Amino acid sequence: MRTAKRRIDPSVMRRLLSQPHRFHFFQAVRLLQVQFAREAGRAASPEHVLATRLRFPNTTRLSFPPSEIEALHVPALPPEALQDDDAFAEAIASGKLDTVALTPAFFGMLGAQGALPLHYTEVVLEREGVRRDRAPRAFFDIFSHRAAALFYLAWQKYRLPLQHEIDRTRHYLPLLLSLGGIGDRAARADLHEAPGTIHDEALAGYASALRHRPVSAAYLGRVLADYFQVPIRIEQFVGGWYHVPQGQLSQLGLGNNVLGATALAGTRVWQRDLRARVWIGPLARADYRRFLPGAGDAEALRKMMAVLGGATLEYEVRLVLRKEDVTGCALGGTDGGRVGFDTFLATRPSRHDRDDAHYTLQPVH
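Using numbering that gives the first Met the number 0, read the sequence shown as starting at 0 and increasing by one per residue.
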């Protein structure tokens, strides 16, 4: 429990509205854009929010700017709402933060840093001070507002983390997925199905690995270990026996076979270039069961291997159970095992890890 005299740090948004000079221009606009986008939800795009709820008027000061932001004004927000967090939260909930006028000190048409000669600023100041005429300044604000908004959007466009923060589904994710070669929704339909769902954000994170062809065993092992957060390594050229299709068997009287070239004795052949072995572990019992056939991570592993390694290889998965979790088989109880995978005939603690369990992913027939 906090003490009665404990200070409460103001929120970032309230600090921005009360002390705008402490923020950089891009940082301030980014905070306001996030706040407005959160309020609007999916009803408006970030560009629309920036154009309708933020204004960038010109500065008329001729002195050196001490900060990037000269002033920040919210017409509908009463000054007492900035005194404490509770009053500020109530004002935000009631819609008082409708439009914000942010005056940049380094950008615009007027002022010491403006694009126009200083004579224009002097004329505008004279019209406002002597004649109470704000029309000239409002006229220049039309151009400075649009220029400042485009300046911010240009800064934001080439910073992908900001695209992910503001509008990830329309810009950020499609771009990275397209770089990985799976921008089409139909190509990712199987990956989204349960069990073993693989989200688009995860695929986007491995976009460089998805487009890397051919993928090395070391690279593939590192990507899988990073995704599943368990030790994984790939063993190449494991080899296996494969049945020869009936039409390719050597038979007398049915085709001409050349000895040493096309003639084959037997119904199966040994090949080393069609199989790789995936070693997973040592694993704790809970992690071990997540990779058993039919479990969620086993299905996710199958999908990741198909996307990363291609469909031309088959993979033999070897699960390694750490020796501390190797226990004997016992009847009853709630922690029952699966015969052939995590049950052992043992009466004493194991001295080494067990790698008896194995199964095959996407077998080549």
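Don't be surprised by glycine CBs; every beta carbon is placed ideally from N, CA and C.
Treat the numbers as computed from the prediction; the structure is a model and nothing was measured.
One Cα belongs to Ser17, the other to Ile279, and the distance between them is close to 55 Å.
In the DSSP assignment, Arg126 falls within the alpha helix (DSSP H) that extends over 117-129.
C-alpha of Leu291 to C-alpha of Ala92: approximately 50 Å in a straight line. Bounds of the alpha helix (DSSP H) holding Arg221 are 216-227. Beta-bridge analysis with DSSP links Arg232 to Trp278. For Leu175 against Ala206, the beta-carbon gap comes to about 5 Å, under 8 Å, which counts as contact.
If you draw a straight line from the Cα of His191 to the Cα of Ile197, it comes to about 6 Å. The beta carbons of Thr102 and Thr51 sit no closer together than 9 Å. In the three-state reduction of the DSSP assignment, His357 falls in the strand class. Taking all protein chains in view, the Cβ of Ile181 is crowded by 16 or more other Cβ atoms within 10 Å, so the residue is classified as buried. For the 9 Å CB-CB criterion, Gly238 and Arg271 form a contact.
9 Å or more divides the Cβ of Arg145 from the Cβ of Arg136.
DSSP places Ile165 in no beta strand (DSSP E) but in the uninterrupted alpha helix (DSSP H) bounded by 159-166. If you draw a straight line from the Cα of Leu360 to the Cα of Ala329, it comes to about 30 Å. A check of alpha carbon separations from Ala80 across Leu172, Pro74, Ala90 identifies Ala90 as the nearest.
The alpha-carbon separation between Asp341 and Arg267 amounts to approximately 32 Å.
DSSP, reduced to helix, strand and coil, places Leu330 outside both helices and strands of the structure shown, so it counts as coil. Here the alpha carbons of Ser177 and Leu61 stand approximately 49 Å from one another. Comparing alpha-carbon positions, the option among Leu344, His351, Asp199 lying closest to Ala185 turns out to be Asp199. In this model, Ala294 and Thr261 are separated by some 43 Å (Cα to Cα). It is roughly 27 Å from the alpha-carbon of Val129 to the alpha-carbon of Ile68. The continuous stretches of beta strand (DSSP E) do not include Gly308, which lies in the alpha helix (DSSP H) extending over residues 295-308. Relative to the Cα of Gln228, the nearest Cα in the group Val11, Asn255, Leu273, Ala283 belongs to Ala283. Taking the Cα positions, Ala285 is about 41 Å away from Gln34. Between Val11 and Arg21, the alpha-carbon positions lie close to 11 Å from each other.
Distance from the CA of Leu318 to the CA of Arg276, rounded to the nearest whole angstrom, comes to 10 Å. Taking each of Leu152, Arg37, Leu273, Trp240 in turn and checking the Cα distance to Glu234, the smallest one comes out for Leu273. The Cβ atoms of Ala224 and Arg232 sit closer than 9 Å to each other.
Leu152 places its beta carbon 9 Å or farther from that of Tyr171. Ranking Asn57, His357, Thr326 by CA distance to the CA of Phe343 puts Thr326 first. Shortest Cα-Cα distance from Gln26 to any of Val73, Pro244, Pro77, Leu161 involves Leu161.
For Trp269, DSSP records a beta bridge to Trp240. Beta-bridge partners assigned by DSSP to Phe343: Gly327.
For Tyr314, the enclosing beta strand (DSSP E) begins and ends at 313-320. Annotated three-state conformation of Ile91 is helix, per DSSP.
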